[in-house]
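What follows is a single structure, written as structure tokens, with notes after it.
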Amino acid sequence: MSRLRRFLRTPEALAGAILLAVLFAMALSASLLFPGDPQAIAGPALLPPFQNWSLPLGTDRLGRDVLVELFHGARTSLAVGLAAAATALVIGAVVGTLAGFAGGLVDEVLMRITDAFQTVPGFLLALAFVSVVGPSLGVVVVAIALGTWTGPARIARAEVLSIRERDYVAGARVIGMHPLEIAFREVLPNALPPVLAMSSVIVAAAILTEAALSFLGLGDPNRVTWGGMIAEGRTVLRTAPFLSIVPGIALLLTVLGVYLAGEGIVETTAVRRGLS
Amino acid sequence: MSLLTVSNLTKRYSRGGKTLAAVDDVSFHMEPGETLALAGPSGSGKSTIARLVLRLIEPDGGRIEFEGDDFLTLRGAPLRARRGRLQMVFQDPLAAFNPRATVARVLDDPLRIHGVASRSERPRRIAALLERVGLAADLAPRAIHEISGGQRQRVAIARAIATKPSLIVLDEAVSALDVSVRGQILSLLLDLQRQERIAYLFISHDLGVVRAVAHRVILLDAGQIAESGDARAVIDAPQSAIGKALVAAAPKLNRNRP
Ligand SMILES: Nc1ncnc2c1ncn2[C@@H]1O[C@H](COP(=O)(O)OP(=O)(O)O)[C@@H](O)[C@H]1O
Ligand SMILES: [Mg+2]
């Protein structure tokens, strides 16, 4: 409870939490408030915002309701961002733990693979993967995770290298515990905090990558995405700039919110650790 | 038949280009139910011997025979299965447990791994183990970091005896405890030894404690055995230079001497 209060006392963290709360509310209420196809034609094309109160944010080139698209886009952004980050963290934690705990040849091989992935820019990797496999929500998630798991893997490995020398790991060996159980039950959970501390940056990056892929037309074609909305608006940028600006601002605020809230969490837990 | 026979055990570490023999051609044996102390100054190789005997690190040479088997050739599942017979208690009882563990989980692990008791039977076994080491059974759900240092060391002993070992290595197991708690833990250990005939490889730099609990003692100096024999005889009249120095440095012993 006091940790939550301390978290909310920092203005940055509070701002981040509010932004995230709004985002989650939008994502969760999207199909309640706006059931039906978000890509359906709702009115005249290219209606500017704040003209018609049944279409507050106006309509796009095809007459689709921008507000509805924004809400449904929040859902995609959030779902893809969280799923991709979770996938990257899980892969990274598992690879890093195996490499650090096993050592020797296993470590060598796993870290060379990590190097290989890290040399290729994450966005190119995602781009290549989606182009080959084809765009769908799951593919986009995996594509983004492919380029992001290496950071968590390195951090997990470094942490595991220090943890595996602790007495309690020796103690687990002494009672005859299987090495895999030691790695994943004794070591990995204790190596997680610094890995999880990266999650806000990873989620923010994943949301941006998803938007970029959608912008390039490599997002799931059956879903509204903010990146796709920006791309759509680009063709009428001079006459209807709001079509790109509105989802652009949403994207910016989301990434900012994730980042600020994440930093706030890391800071409050760090303070707590420092005090205890 | 000896319980443990260690022959010509050697372990070298390289540090800054130089190799250092942390354990240098050490041989000794242990009988069932006896307490053999390893004493010596800091850095003399006591912990390294403990880790070698427990197969936590591999030696550069020598042989270890445990319960009649060539212990160094065991690996994988057969080694893990045999580990139940050879347990350890660490110096720092807080570092010796997973910081996320509860007392129950710490005691459940060896029972589960070695198939000592079925899942439904284990809570009762855990309660019995806790009582065996003088703790209340309702300590089981508590987190390891919540209980006191003395309680923690009792839990460590309970964990060590869970698989009915024939040998427990105690590496400075009472050194971090308050004097009063230390006495209680030592009498618990002696009590367990009397009833279960467990042998202790008792590592300590405190010759007073060694004299009180050990049958025999080995004095180590720079990885080598400087002197060994009956614990009281050696400590009351050390022959080696390191033995004399250690006795001179132990204030309590000086007072007791005639
Ligand atoms: N992992 C290691 N790497 C390098 N040197 C080590 C390592 N472990 C122990 N040593 C060295 O071996 C010697 C014996 O150490 P140790 O067995 O811990 O002594 P003790 O327990 O008697 O204090 C010391 O000089 C120590 O620095
Ligand atoms: Mg030591």
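Going down the list, the protein sequences come from chains F and B.
Just so we're aligned, residue 26 is where the first sequence starts under the numbering used here, counting upward by one.
Just so we're aligned, residue 1319 is where the second sequence starts under the numbering used here, counting upward by one.
C-beta atoms are modelled at their ideal positions from N, C-alpha and C, and glycine is treated no differently.
Just so you know, these numbers come straight off a predicted model, no measurement behind them.
Assignment of His97(F) by DSSP, reduced to helix, strand and coil, places it in the helix class. The Cβ of Asn1326(B) sits no closer than 8 Å to any Cβ of chain F. Counting other Cβ atoms within 10 Å of its Cβ, Met1319(B) stays below 16 and is therefore classed as exposed.
With 16 or more other Cβ atoms from the protein chains shown falling within 10 Å of its own Cβ, Phe1408(B) counts as buried. With respect to chain B, the C-beta atom of Glu211(F) has a partner C-beta closer than 8 Å. Taking C-alpha positions only, Leu1453(B) is separated from Arg1529(B) by approximately 27 Å. For Lys1364(B), the distance from the CB to the nearest heavy atom of ligand 2 is below 7 Å. Counting the other Cβ atoms within 10 Å of the Cβ of Trp174(F) gives 16 or more, which makes it buried. Within the segment 240-268 of chain F, not one residue has a Cβ closer than 8 Å to any Cβ of chain B. CA-to-CA, the gap between Asp1489(B) and Ile227(F) works out to about 44 Å.
The Cβ-Cβ distance between Ser1484(B) and Ala1435(B) does not fall below 8 Å.
Of the heavy atoms belonging to ligand 1, at least one sits nearer than 7 Å to the Cβ of Ser1360(B). Only residues of its own chain outside the window of five on either side were considered, and among them Leu95, Gly98, Trp251, Met254, Ile255 have a CB closer than 7 Å to the CB of Pro272(F), listed in chain order.
Residue-level contact by beta carbon fails for Gln1542(B) and chain F, as no gap is shorter than 8 Å.
In the displayed model, Ser54(F) falls within a helix according to three-state DSSP. In its chain, beyond the 5 residues on either side, Pro1350, Gly1351 have a beta carbon closer than 7 Å to the beta carbon of Arg1515(B). At a Cβ-Cβ threshold of 8 Å, Val1527(B) and Leu1372(B) do not count as neighbours. Legend: CB atoms of the segment 1361-1377 of chain B lying less than 7 Å from CB atoms of chain F belong to residues Leu1372, Leu1374.
Counting only runs of at least 4 residues, the segment 1466-1533 of chain B fully encloses the following alpha helix (DSSP H) elements, listed from N- to C-terminal order: 1467-1479, 1497-1514, 1525-1531. Between the segment 1322-1340 of chain B and the segment 53-70 of chain F, the count of C-beta pairs closer than 8 Å stays below three; the two stretches do not touch. Going by DSSP, Ser1332(B) is part of the beta strand (DSSP E) stretching over 1322-1333. In its chain, beyond the 5 residues on either side, no residue has a beta carbon closer than 6 Å to the beta carbon of Ala183(F).
Contact between Leu29(F) and Ala286(F) fails: their C-beta atoms lie close to 12 Å from each other, not under 8 Å. In this model, Lys1336(B) and Ala127(F) are separated by some 27 Å (Cα to Cα).
At least 8 Å separates the CB of His97(F) from every CB of chain B. Placement of the Cβ of Asp1410(B) at a distance of 7 Å or more from every heavy atom of ligand 2 is found.
Not one heavy atom of ligand 1 is found less than 7 Å from the C-beta of Leu186(F). If the five residues before and after Leu1429(B) are omitted, its C-beta is found closer than 6 Å to the C-beta atoms of Ala1435, Arg1440, Arg1443, Ala1480, all from its own chain and listed in chain order. In the DSSP annotation of this structure, the continuous segment of the alpha helix (DSSP H) that includes Phe148(F) starts and ends at 147-158.
For Gln1405(B), at least one C-beta of chain F is nearer than 8 Å to its own C-beta.
Residue pairing by DSSP places Met1348(B) opposite Leu1322(B) in a beta bridge. Around the beta carbon of Asp1496(B), fewer than 16 other beta carbons lie within 10 angstroms, which makes this residue exposed.
At a Cβ-Cβ threshold of 8 Å, Ala170(F) and Ile116(F) count as neighbours. Chain F places a beta carbon closer than 8 Å to that of Asp1410(B), counting this residue as a contact.
Within the segment 1320-1352 of chain B, no residue has a Cβ lying closer than 7 Å to any Cβ of chain F. When the alpha-carbon of Gly201(F) is set against those of Leu1392(B), Leu1519(B), Ala1445(B), the nearest one is in Leu1392(B).
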